[in-house]
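Novice:
Residue numbers (UniProt numbering): 1 to 469.
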């Protein structure tokens, strides 16, 4: 017996399905992986279900890397958030309309998973799988009689079929074309390279302590690279854990893992490489700096797992993560961390984190709760007040810093630093006003990096500080 399989044929750059079948009554057997877009495997879909338990993170990473067996319970899988191959589903509807039976099967995915897919799509005559990974049709006697006369198959490896079906399909079967590999842009998006600019905060102690020696500058640049790689690893872990939530989000659904552009195992491998590179560089700088880097990753992971779901705690953690970058910069070049700089960083970044939450609340419909964040729409005005208070408290701290003995030791003309205060007040007020008007899309930090007025304000402060030296 010989089984044919619908083939993918390139037409005008798009994949189309061509039915080579000769018999209109011939059954069609479909493997689960043949109808789902790559990246929607069972381990990825249960990732969000384990985020409430920190001890399950190791299991999730191991599963994503293919080091653990697939989990038998599919309670965490939501087929409405999965991505299916539209061309294949359309073809199955056509086949079903011709009166041909269509069977869904899998020896890799557990029965609840296969059942959920079948009931969600509603195009299958029957389906077969068991929780222990052995199909009830693993013996020829268990196959429906109609399949013993031969069938057609859509899927990946023949091992995904029941034993008898594998022997039938092994001869003359052609597999669908493999998905195109992810491009450079997808990998850059996965690593969040556009976020690396935030790690320039590591250079702040170098500038404020006036440590301009080449050795100190080189060490600070290495510290920036280490933080960037560590942040990339944390972002990838967050994307794996939040895959279901990202698929339901209008913008985040286009992220590489959520969209299936980059499979979870590949992403997990990239995460491991990024983290190994980060800590290798960290150890080259100093053990103390590696400790700061480890603390940053641990806090970032805790934020991704549960802290981001607690109102106010989430923004405090975000402000702390920005400040840890500044602390890391000081530790890297072995300069004392200024208490004034520490306090200023906490308040200014607390303000920006609250602005971010205000923007998210403003985009929600009336009566809604900000998903997984613990805020309600009625909190919007209070969040705006707290953002403004934190921002202007940062200016107050800066004025106290100008009057301190520390400034007199570093600057010949410290009175010039007072000119920075109105610039800071203008910039904070402008960000708050733009957020209230809905002119900032999502992240106020990224907005500032693209905003000409923000760069002008930063440049003016830089000129003033140089003149004060």
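Beta carbons: idealized from backbone N, C-alpha and C, even for Gly.
Is residue 109 near residue 193, with beta carbons less than 8 Å apart?
Specialist: No, these two residues do not count as a Cβ contact at 8 Å.
Novice: Considering only their Cβ atoms, is the gap separating residue 240 from residue 225 smaller than 8 Å?
Specialist: Their beta carbons are not under 8 Å apart, which means residue 225 does not touch residue 240 by this criterion.
Novice: Using the beta-carbon count (16 or more within 10 Å), is residue 405 buried or exposed?
Specialist: When all chains shown are included, residue 405 counts as exposed.
Novice: Rounded to whole angstroms, what is the Cα-Cα separation between residue 363 and residue 187?
Specialist: Distance between the alpha carbons of residue 363 and residue 187 is about 29 Å.
Novice: Leaving aside the five residues before and after residue 54 along the sequence, list all residues of the same chain whose C-beta is less than 7 Å from its C-beta, in chain order.
Specialist: Unreliable placement is indicated for residue 54, whose pLDDT of 41 sits below 50; the coordinate value is still reported in the next sentence. Answer for residue 54: 305, listed in chain order.
Novice: Using a 10 Å radius around the Cβ and a threshold of 16 neighbouring Cβ atoms, would you call residue 292 buried or exposed?
Specialist: Its Cβ being crowded by 16 or more others within 10 Å, residue 292 is buried.
Novice: Give me the Cα-Cα distance between residue 235 and residue 264, rounded to the nearest whole angstrom.
Specialist: If you take the alpha carbons of residue 235 and residue 264, they lie about 13 Å apart.
Novice: Is residue 433 near the ligand FMN - that is, is its Cβ less than 7 Å away from at least one heavy atom of it?
Specialist: Within the structure as shown, the ligand FMN is missing, as the structure has no ligands at all.
Novice: Write down the C-beta distance between residue 219 and residue 333 rounded to the nearest angstrom, noting that I regard them as a contact closer than 8 Å.
Specialist: Right, their Cβ atoms sit about 6 Å apart.
Novice: Apply the 10 Å Cβ neighbour rule to residue 426 and answer buried if 16 or more other Cβ atoms are within range, or exposed otherwise.
Specialist: Residue 426 comes out exposed.
Novice: I'd like to confirm the pairing. Which residues does DSSP put opposite residue 104 in its beta bridges?
Specialist: Answer is 30, 127.
Novice: Count the other C-beta atoms from every protein chain shown that fall within 10 angstroms of the C-beta of residue 453, then say buried if there are 16 or more, exposed otherwise.
Specialist: Residue 453 is exposed by the Cβ-count criterion.
Novice: If you drop the 5 nearest sequence neighbours on each side, which residues of the same chain put their C-beta closer than 7 Å to that of residue 322?
Specialist: Here the set comprises 201, 345, 349.
Novice: Residue 354 and residue 383: beta carbons closer than 8 Å?
Specialist: Their beta carbons are under 8 Å apart, which means residue 354 touches residue 383 by this criterion.
Novice: Where does the unbroken beta strand (DSSP E) through residue 401 begin, and where does it stop?
Specialist: Note, residue 401: premise wrong, no beta strand (DSSP E); alpha helix (DSSP H) at 380-402.
Novice: So what does DSSP say about residue 84, is it helix, strand or coil?
Specialist: Strand at residue 84.
Novice: Is residue 154 helix, strand or coil when you go by DSSP?
Specialist: Correct three-state label for residue 154: strand.
Novice: Tell me which residues share the same chain as residue 285 and place their Cβ nearer than 8 Å to its Cβ, disregarding the 5 neighbours each side in the sequence.
Specialist: The residues are 219, 222, 223, 226, 332.
Novice: For residue 165, count neighbouring Cβ atoms within 10 angstroms of its own Cβ and tell me buried if that reaches 16, exposed if not.
Specialist: Because the pLDDT at residue 165 is just 44, under 50, the model does not fix this residue reliably, and the value given afterwards should be weighed accordingly. Residue 165 is buried by the Cβ-count criterion.
Novice: With a threshold of 6 Å on Cβ separation, who are the neighbours of residue 65 within its own chain once the five nearest residues in sequence on each side are excluded?
Specialist: Residue placement at residue 65 is poorly supported in this model, since its pLDDT is 42, which falls under 50; the coordinates are not used for a value here.
Novice: Any beta-carbon of chain B closer than 8 Å to the one on residue 227?
Specialist: The chain inventory of the structure shown lacks chain B, comprising one protein chain alone.
Novice: Pick from 424, 447, 422: whose alpha carbon is nearest that of residue 434?
Specialist: The residue with the shortest Cα to Cα distance from residue 434 is 447.
Novice: State the Cα-Cα distance for the pair residue 359 and residue 442, rounded to the nearest angstrom.
Specialist: Looking at the two C-alpha atoms, the distance is approximately 6 Å.
Novice: Would residue 357 be called buried (16 or more neighbouring beta carbons within 10 Å of its own) or exposed?
Specialist: Residue 357 is buried by the Cβ-count criterion.
Novice: Taking contact to mean at least 3 C-beta pairs separated by less than 8 Å, is the stretch 374-391 in contact with the stretch 404-418?
Specialist: Contact between the stretch 374-391 and the stretch 404-418 is absent, because fewer than three Cβ pairs lie under 8 Å.
Novice: Quick one: is residue 255 buried, meaning 16 or more other Cβ sit within 10 Å of its Cβ, or exposed?
Specialist: Burial call: buried.
Novice: When the Cα atoms are used, what is the spatial distance from residue 185 to residue 199?
Specialist: Residue 185 and residue 199: Cα-Cα distance of roughly 21 Å.
Novice: Express the C-alpha separation of residue 432 and residue 438 in angstroms, rounding to a whole number.
Specialist: In a straight line, the C-alpha of residue 438 is about 10 Å away from that of residue 432.
Novice: How would you call residue 318, buried or exposed, if buried means at least 16 neighbouring beta carbons within 10 angstroms?
Specialist: Buried is the call here.
Novice: Just the Cα atoms here: how many angstroms apart are residue 413 and residue 281?
Specialist: Roughly 38 Å separates the two Cα atoms.
Novice: Let me know the secondary structure DSSP gives residue 411 once reduced to three states.
Specialist: It is coil, neither helix nor strand.
Novice: Just mark residue 183 as buried or exposed, buried being the case when its beta carbon has 16 or more other beta carbons within 10 Å.
Specialist: Exposed, by the Cβ-count rule.
Novice: Assign residue 399 to buried or exposed, taking buried as 16 or more other Cβ atoms, counted over all protein chains shown, within 10 Å of its Cβ.
Specialist: So residue 399 ends up on the exposed side.
Novice: To which residues of the same chain is residue 325 closer than 7 Å at the C-beta, ignoring the five residues directly before and after it?
Specialist: So the list reads 199, 201, 202, 227, once near-sequence residues are dropped.
Novice: Would you kindly report the start and end of the unbroken alpha helix (DSSP H) that includes residue 206?
Specialist: 204-208 is the extent of the alpha helix (DSSP H) around residue 206.
Novice: Excluding the 5 residues preceding and the 5 following residue 125 in the sequence, name in chain order all residues of the same chain whose CB lies nearer than 7 Å to its CB.
Specialist: Counting only Cβ-Cβ distances below 7 Å, and skipping sequence neighbours, we find 101, 102, 103.
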